[in-house]
Amino acid sequence: MNNAQPLSTGKKSFLMMIAPVMLCFFAMGFVDLVGTASNYVQKDLGLTDAEANLFPSLVFFWFLIFSVPTGMLMNKIGRKNTVLVSLVVTTISLILPLFDDSYGTMLASFSLLGIGNAIMQTSLNPLVTNLISTDKLASTLTFGQFVKAIASFLAPILAAWGATAVLPTFGLGWRAFLVIYAVISFLSISILSATPIQEERPDKASGIVECLKLLGSPFILLCFLGIMCHVGIDVGTNTTAPKILMERLSLPLEEAGFATSIYFIFRTLGCFSGAFILNKVSAKSFFGFSVAMMLLAMGMLFVCDTLIPIYVGIGLIGFGNSNVFSIIFAQALLSSPDEKNEISGLMIMGLFGGTVFPLAMGFAADALGQVGAIAVMTIGVVYLLYFTTRIKQIKS
Numbered sequence: 556m557n558n559a560q561p562l563s564t565g566k567k568s569f570l571m572m573i574a575p576v577m578l579c580f581f582a583m584g585f586v587d588l589v590g591t592a593s594n595y596v597q598k599d600l601g602l603t604d605a606e607a608n609l610f611p612s613l614v615f616f617w618f619l620i621f622s623v624p625t626g627m628l629m630n631k632i633g634r635k636n637t638v639l640v641s642l643v644v645t646t647i648s649l650i651l652p653l654f655d656d657s658y659g660t661m662l663a664s665f666s667l668l669g670i671g672n673a674i675m676q677t678s679l680n681p682l683v684t685n686l687i688s689t690d691k692l693a694s695t696l697t698f699g700q701f702v703k704a705i706a707s708f709l710a711p712i713l714a715a716w717g718a719t720a721v722l723p724t725f726g727l728g729w730r731a732f733l734v735i736y737a738v739i740s741f742l743s744i745s746i747l748s749a750t751p752i753q754e755e756r757p758d759k760a761s762g763i764v765e766c767l768k769l770l771g772s773p774f775i776l777l778c779f780l781g782i783m784c785h786v787g788i789d790v791g792t793n794t795t796a797p798k799i800l801m802e803r804l805s806l807p808l809e810e811a812g813f814a815t816s817i818y819f820i821f822r823t824l825g826c827f828s829g830a831f832i833l834n835k836v837s838a839k840s841f842f843g844f845s846v847a848m849m850l851l852a853m854g855m856l857f858v859c860d861t862l863i864p865i866y867v868g869i870g871l872i873g874f875g876n877s878n879v880f881s882i883i884f885a886q887a888l889l890s891s892p893d894e895k896n897e898i899s900g901l902m903i904m905g906l907f908g909g910t911v912f913p914l915a916m917g918f919a920a921d922a923l924g925q926v927g928a929i930a931v932m933t934i935g936v937v938y939l940l941y942f943t944t945r946i947k948q949i950k951s
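If you want the working numbering, it's the position in the sequence shown, counting the first as 1, plus 555.
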């Protein structure tokens with residue numbers, strides 16, 4: 556079933572619809588600031604690795620709770636309206652730390668950020684299917700991930716600027732970049748609400764039990780676990796990369812934080828190139844190549860103790876992990892085209908991996924150093940290597 560709107564309405568009309576959606580993908584990238592923010596909060600409050608990793612874990616915990624109910628909410632109020640709800644919650648989460656940086660306030664802020672992003676990721680990805688034909692879905696979602704990655708790699712740069720800026724930041728320090736993101740989030744609400752998007756009616760109403768039963772499909776379950784590993788590696792690298800440099804090279808956080816930008820720069824490049832490569836190469840081949848890059852990178856991070864090789868390893872993870880989500884998500888949607896809202900909810904629930912991996916990595920790092928955190932991420936890469944053999948031969 557092809558739910559895309561006819562493109563005969565004209566290129567200009569199509570661009571006016573897709574541009575606001577891509578701005579929402581940029582807002583979706585705000586969730587990745589959690590890695591940068593948690594490192595600064597750890598420094599400000601003197602937390603251990605396990606305590607600091609609670610922040611990204613808390614963010615992604617809400618994906619477990621809100622993703623499936625969001626799939627049902629879309630059936631009632633529509634995908635666009637659900638995205639708007641998510642943007643409102645996200646804006647509130649960005650504003651809270653501007654008034655107070657206590658432990659309790661940061662917990663509340665990260666919780667709202669996770670809730671808003673869970674709702675957004677569940678509703679925004681299927682909203683794209685109303686604009687794009689199914690054969691272009693993986694490449695379009697990848698381009699959306701490219702836009703999302705721009706917000707992700709800007710976060711550590713803007714946070715470092717706020718922490719060291721000569722210009723006045725009104726006492727906010729690293730939190731100054733939250734003001735910029737809050738303004739963009741508000742603009743996303745205004746522009747998307749004014750954009751007409753025709754949505755198909757859901758084929759049926761669904762409940763939580765019906766949604767969870769879809770995990771009984773072996774392929775859907777494999778996709779769900781694949782999403783868990785993808786986001787675990789993503790959040791894990793985002794959080795751990797600076798700590799590797801601080802541990803092995805004794806760099807201060809303001810300098811080591813650039814490692815996070817390296818990751819997101821290469822993830823951005825990977826998303827941008829993947830949007831074109833997936834139009835020419837099978838999803839299975841490109842997925843296998845991407846996972847091989849990450850496996851090589853993990854080996855480098857285990858043994859390297861100089862700056863450039865560590866940067867290369869981080870960059871390889873960023874490029875390799877950049878298209879994993881889009882390929883898995885598209886495969887899941889195309890495997891059950893009549894249950895897109897429900898499948899989307901389940902796949903986004905898989906982002907709960909962003910809770911499981913950082914917690915495990917924090918305890919492993921406290922016990923063994925950052926090599927323990929790298930070992931936990933490697934488990935996720937090995938699973939994705941297995942998942943490569945199960946990808947259906949669908950040209951995206």
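Glycine included, each C-beta is placed from N, C-alpha and C at the ideal position.
In chain order, D656 place their CB closer than 8 angstroms to the CB of D599, counting only its own chain and leaving out the 5 sequence neighbours on each side. Of the candidates E765, P773 and L609, P773 places its Cα closest to the Cα of Q886.
In this structure, L939 sits near C784, with a CB-CB distance shorter than 8 angstroms. The criterion of a C-beta distance shorter than 8 angstroms is satisfied by G669 and F615. The Cβ neighbour count for K835, taken over all protein chains shown within 10 Å, is under 16; the residue is labelled exposed. Annotated three-state conformation of T750 is coil, per DSSP.
The beta carbon of L628 sits closer than 6 angstroms to the beta carbons of T637 from its chain, once the five residues preceding and following it are set aside; these are given in chain order. In this structure the region 806-824 does not lie against the region 851-861, because fewer than three pairs of beta carbons, one per stretch, are closer than 8 angstroms. Straight-line spacing of the CA atoms in A704 and G924 works out to 28 angstroms. In its chain, beyond the 5 residues on either side, T943 have a beta carbon closer than 7 angstroms to the beta carbon of G843. Secondary structure note for R945: it is in no alpha helix (DSSP H), with a DSSP letter that is neither H nor E. Distance from the CA of L682 to the CA of I632, rounded to the nearest whole angstrom, comes to 13 angstroms. Below 8 angstroms, enough C-beta pairs join the region 791-800 and the region 909-927 to call them touching: three or more. In the three-state scheme derived from DSSP, where H, G and I count as helix and E and B as strand, L686 is classed as coil. A direct Cα-to-Cα measurement between V589 and I752 gives close to 31 angstroms. Where L914 is concerned, the enclosing alpha helix (DSSP H) starts and stops at G908 to L923. Boundaries cannot be given for G812, as no alpha helix (DSSP H) includes it and DSSP labels it neither H nor E. DSSP, reduced to helix, strand and coil, places T637 within a helical segment of the structure shown. When the beta-carbon positions are compared, L649 and F610 stay at least 8 angstroms from each other.
If the five residues before and after M932 are omitted, its C-beta is found closer than 6 angstroms to the C-beta atoms of I788 and G791, all from its own chain and listed in chain order. When C-alpha distances from A706 are compared across I735, S694, A847 and A731, the shortest belongs to I735. Within 10 angstroms of the beta-carbon of G935 lie 16 or more other beta-carbons, which makes it buried. Per the coordinates, the alpha-carbon of V643 lies some 11 angstroms from the alpha-carbon of L742.
The C-beta of Y866 has 16 or more other C-beta atoms within 10 Å across all chains shown, which makes the residue buried. Between V623 and L767, the beta carbon gap of about 7 angstroms places them in contact (Cβ cut-off 8 angstroms).
By the neighbour-count criterion, in which 16 or more other beta carbons inside 10 Å mark a residue as buried, T645 falls on the buried side. Per DSSP, the continuous alpha helix (DSSP H) segment holding C766 begins and ends at I763 to K768. By the C-beta criterion, the region 820-835 is judged to be in contact with the region 877-885, since at least 3 inter-stretch pairs fall below 8 angstroms. Counting every other CB atom within 10 Å of its CB across the protein chains shown gives T719 a total below 16, marking it as exposed.
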